[in-house]
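Just below is one structure, and these are the notes that go with it.
In this note's numbering, the protein residues as written are 82 to 966.
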């Protein structure tokens, strides 16, 4: 219908893939007050889950409760890392989940997740199907350590279908029964009233209004944490948010693994994955934010994608601001975990507990002192998202908290990492003069420390005091031992002596606890051990005397937890945005447009684009309601798998707010991505390659809709050619009816031929050329360039490849004769097929309709008349050509 280079009145149409024209010739919750910074056979997860069990979280209780899954065997421990790494979980997290359901034709499921490590609560109520696929997926992505059900839904009672599915598929968690009375909507509302940030309480109540199962699940999980962990959270200290399941994209677990979204398939430690490519974050908060967004990209266009594009674009264009932001981000600690420990109310008053609290306060102090640098770096920012982040880092938020800390903590005391520095900082953290007894204890600690150093000087013969001990160690000093003083948490102070300093003499008997390590000798003296004991007593006295001041300060900081958590989320989001900007500034990426059409010009596979540098061949993509089913053919190693995977990876990048590797990119918002690309057996589940294919395709067919993207690679190759082709055709016809964006790579030319001309189908081919070597053998050159074409059998790449491999000429000749006979027979049957003409006629009409609809929506009135005339002329010519056949 359109000639290449025709003037089309919309930017999307004018920059759409040339493939389209060649064929015609042949989507977390807003921040408080504006934008919360966040981020049967249908069992596709079974093959992954059965090989990826793990036990995450606190130690399991020694007694088993009804419905408790037996502990995992030691042979399964090695698979724990696989499950975590597939989802990009690098640090241990303690997530407890509660589930409840309304049983019916379309069951409603309430889930509540409490991340004890980060003080984060997510509530959701999901309108699911009988297979509970949305619920299972959400639980798997959260990777909880424990999942609790009502006791009546677990053995020894008759287990519910949901319990059975969770117990079978979510094998990263311990599934437990809990008393049914714990599920109470009234109690859930009370927990929200008592523990949510005060500014968020009303908005949360509005969000969960009518969500009985989500609210009651929250009550159950909070009671379980209190009952089994003995953990109580401070009032108004939890980040509670309601997350509608329809606001995030669902990427099934097999797609996460096979598309290498979080981890490289061949080397889990390699950074050659989408997460490894995008993760230039400098803080743990930013890394967690990126992981969360990649596993569940947003489907909300306005409040997420466009604002993030603006922020990335501004950081990319303003190099000075970008460098200042990155410089400020390098100074941040992982304060989210500290704040979570801070809001957990503990009755402990031992030395270790007080030590930990002092360290937490020092780290929060260091964090708050760094925030003004970030605020200053964002001074020139104009985009809405960067302006919102800057607003949450205002000095009037952080300075009052710093002032509160400064009233009790010495201003020059900061958090240190070495054991000795950290102990000294804890000792002198509280301001002098707050407590006279504390000052006396610190003076004792200081004097004992000086004695330790004097003791080492005596050993080395450097002592200036004429003490009896100095005289006793004079002989040692004559040997020139050069002992250096070291410290660790276990031995406290100890000595290191170079082995060469002892010459041929034996180590004097005065040294005890001797350890030889390479060229050094580590040891102590009896006097040093005694000093260590006295120092420890003095240090413990200082810490205990600091307890009252620290407890008061901790209580004051708990009241500031909501504002501190918002600052942490702002830092995490800015870190993620700056990571996108870092990638964009070093690679040739462009800002996507969010429209109703997938149209990408000169797109590159993001991972291969980095590893292959300039040698990667870009390609075009086009998918709309008219061309939603793309069949990609080509010989082996022509790049079919890379081509279809690129579409999914770029879709994810666009929906998390990142620029993409292309010359131009337009996307529609996708709500789910499914992939069937693996050709592996699942020996553990006793499934063949074909069985795995059919199980995953059954899952896709039951859950796909017009808002989905489906990636399928070589379907039907695990069985006989006839059966595989028949199944591929049947499944393709079912997928065409869903109007999902499907990218189907296949070697079955017959599949492309059968579907050629069907409404919604676009036949693409990755071309290659064949030449003859000096030895007379054919040489196949892959062009890695996709193009639309009519299906024909003029060139047989398989036969050419067999000839290149050196098969006998007689075999090659016979294969060519058979191929020619089959081709001529097909052409004879199709010569005057009225059904084929009818199909082509319908296809031309649908193409005309789609072109007119796009022209209507383009808004370019100047070029519209000329475009419509050319459209009319091309349509008449094609219809006349069809009638003359």
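Think of the CB as a built atom: it goes at the ideal place given N, C-alpha and C, for glycine as much as any other residue.
Here DSSP, grouped into helix, strand and coil, assigns residue 841 to strand. C-alpha of residue 409 to C-alpha of residue 397: approximately 17 Å in a straight line. Distance check between residue 612 and each of 686, 528, 653, 210 places 528 closest, using alpha-carbon atoms only. For residue 342 and residue 436, the gap between their C-alpha atoms comes out near 40 Å. The continuous beta strand (DSSP E) containing residue 573 extends over residues 573 to 579.
When the beta-carbon positions are compared, residue 347 and residue 303 stay at least 9 Å from each other. Spanning the alpha carbons of residue 220 and residue 842 requires a straight line of approximately 36 Å.
Per DSSP, residue 427 lies in no beta strand (DSSP E) and is assigned neither H nor E. Cβ contact annotation for residue 594 (same chain, cutoff 7 Å, sequence separation greater than five): 604, 605, in chain order.
For residue 805, the enclosing alpha helix (DSSP H) begins and ends at 802 to 819. Note: residue 505 is not bridge-paired with any residue in the DSSP secondary-structure output. The straight-line gap separating the alpha-carbon atoms of residue 388 and residue 259 is approximately 43 Å. In the DSSP annotation of this structure, the continuous segment of the alpha helix (DSSP H) that includes residue 607 starts and ends at 607 to 640. Around the beta carbon of residue 930, a 10 Å sphere encloses fewer than 16 other beta carbons of the protein chains shown; the residue is thus reported as exposed.
As DSSP reads the structure, residue 372 sits in no beta bridge. Under DSSP, residue 710 shares a beta bridge with 823, 842. Residue 847 is bridged by DSSP to 867. Note: residue 702 is bridge-paired with 681 in the DSSP secondary-structure output. By the CB criterion at 9 Å, residue 195 and residue 181 fall outside the cutoff.
Membership of residue 454 in the alpha helix (DSSP H) is indicated by the continuous run 432 to 458. Under the three-state reduction of DSSP, residue 328 is assigned to helix. In the structure shown, residue 493 adopts coil according to DSSP, grouped into three states. By the Cβ criterion, the stretch 246 to 257 is not in contact with the stretch 276 to 287, since fewer than three pairs of Cβ atoms, one from each stretch, lie closer than 8 Å.
Residue 522 and residue 497 have their C-alpha atoms spaced approximately 22 Å apart. Between the alpha carbons of residue 324 and residue 205 lies a gap of roughly 5 Å.
For residue 737, no alpha helix (DSSP H) segment is defined, and its DSSP state is neither H nor E.
In this model, residue 625 and residue 416 are separated by some 25 Å (Cα to Cα). Cβ-Cβ distances below 7 Å link residue 468 to 462 in the same chain, with the five nearest sequence neighbours on each side left out; the list follows chain order. The C-alpha of residue 688 lies about 38 Å from the C-alpha of residue 245.
The three-state secondary structure of residue 178, taken from DSSP, is strand.
In this structure, the beta-carbon distance from residue 241 to residue 232 does not fall below 9 Å. By the CB criterion at 9 Å, residue 330 and residue 751 fall inside the cutoff. Rounded to whole angstroms, residue 710 and residue 345 show a C-alpha spacing of 28 Å. Two segments are said to touch when three or more pairs of C-beta atoms, one from each, lie closer than 8 Å; by this definition the stretch 262 to 272 touches the stretch 293 to 309. Shown here for residue 639: same chain residues with a beta carbon closer than 7 Å to its own, the five before and five after excluded, namely 315, 318, 423, 424 in chain order. Sixteen is the threshold: since fewer than 16 other Cβ atoms of the shown chains lie within 10 Å of the Cβ of residue 208, the residue is exposed.
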